[in-house]
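S.K.: First, the structure itself, so that you have it in front of you.
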Amino acid sequence: MNILIVSQYDENINTLEQLVKTETGGKTVTVSSGNEARRIISDDTQPELVIINTPLPDEFGQELSAMIAETTNAAVILICRNDIADDISHSVADSGVVVVSRPFSNEMFKDVLRKTDFSGMHGIKRENVGILTKIDEMRFINRAKCTLMEYLKFTEPQAHRYIEKQAMNNRQTRREVAKKILNTYKK
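Below is the structure:
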């Protein structure tokens with residue numbers, strides 16, 4: 000497991016690194032600013048967990064946590080002062096960021112790590128990509144059906160059957176058959 004820790008304070012980095020390694024056994028990378036974190040996130044080596052200890056020297060960290068949670072598959076834990084934790088939690092709740100108020104005990108933080116679902120975030124985002132791909136394919140096939148209905152005067156069930164039959168007979172996907180239909184009639 001790849002873990003990114005973002006904190007400007009060395010003593011906090013060491014403590015967080017020890018807790019994370021004990022609980023997850025993951026490989027940690029540490030940075031001290033939001034800009035460095037953004038650079039690492041934009042690389043191909045995206046972490047599975049990002050821990051942000053606020054405030055950072057170049058920003059607070061709230062926007063960074065929301066951006067990471069919304070654009071990557073990483074689980075995000077944001078650590079902030081106790082007096083602002085509720086407000087921060089409300090503002091990043093829709094992004095799925097877990098907010099931990101400081102000060103906290105080592106056991107409490109380990110408990111948060113245990114309860115954080117790393118695989119769930121990956122699964123949900125993969126499922127969304129699959130659903131969007133399926134919707135795109137259905138739209139493409141429906142355009143081909145409409146083309147058959149327009150040019151060959153097929154009914155919708157006839158167009159559907161035609162695409163299915165061509166796909167089976169030619170050992171192609173329905174998308175490939177739809178592409179051929181669109182290429183033939185929509186020049």
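Residue numbers for the sequence shown, in numbering that gives the first Met the number 0: 0 to 186.
Note that the Cβ used here is the ideal one computed from N, Cα and C, for glycine as well.
For the structure I just gave you, are there three or more beta carbon pairs, one from the segment 142-157 and one from the segment 56-67, closer than 8 Å?
M.R.: no
S.K.: For leucine 63 and chain D, any beta-carbon pair shorter than 8 Å?
M.R.: Included in the structure is just one protein chain, with no chain D present.
S.K.: Between which two residues does the beta strand (DSSP E) carrying threonine 29 extend?
M.R.: In the sequence shown, the residue the question calls residue 29 occupies position 30. Element bounds for threonine 29: 26-30.
S.K.: Suppose only complete runs of 3+ residues qualify. What are the beta strand (DSSP E) ranges in the segment 5-59, listed by chain order?
M.R.: Taken in chain order, the unbroken stretches of beta strand (DSSP E) that lie wholly in the segment 5-59 and span 3 residues or more are 26-30, 48-52.
S.K.: If we call anything under 8 Å between Cβ atoms a contact, is arginine 174 one with isoleucine 140?
M.R.: Within the sequence shown, residue 174 is the residue found at index 175, counting from 1. Within the sequence shown, residue 140 is the residue found at index 141, counting from 1. In contact: arginine 174 and isoleucine 140 (Cβ atoms closer than 8 Å).
S.K.: Is asparagine 52 buried or exposed, if buried means 16 or more other CB atoms sit within 10 Å of its CB?
M.R.: Position 53 of the sequence shown, counted from the start, is the residue given in the question as residue 52. It is buried - the Cβ of asparagine 52 has at least 16 other Cβ atoms within 10 Å.
S.K.: Runs of 4 residues minimum, wholly inside the segment 74-107: which ones carry the alpha helix (DSSP H) assignment?
M.R.: 84-91
S.K.: In this structure, does DSSP put glycine 119 in helix, strand or coil?
M.R.: By one-based count along the sequence shown, residue 119 stands at place 120. No answer about glycine 119 holds up, because its pLDDT of 49 lies below 50 and its placement is not dependable.
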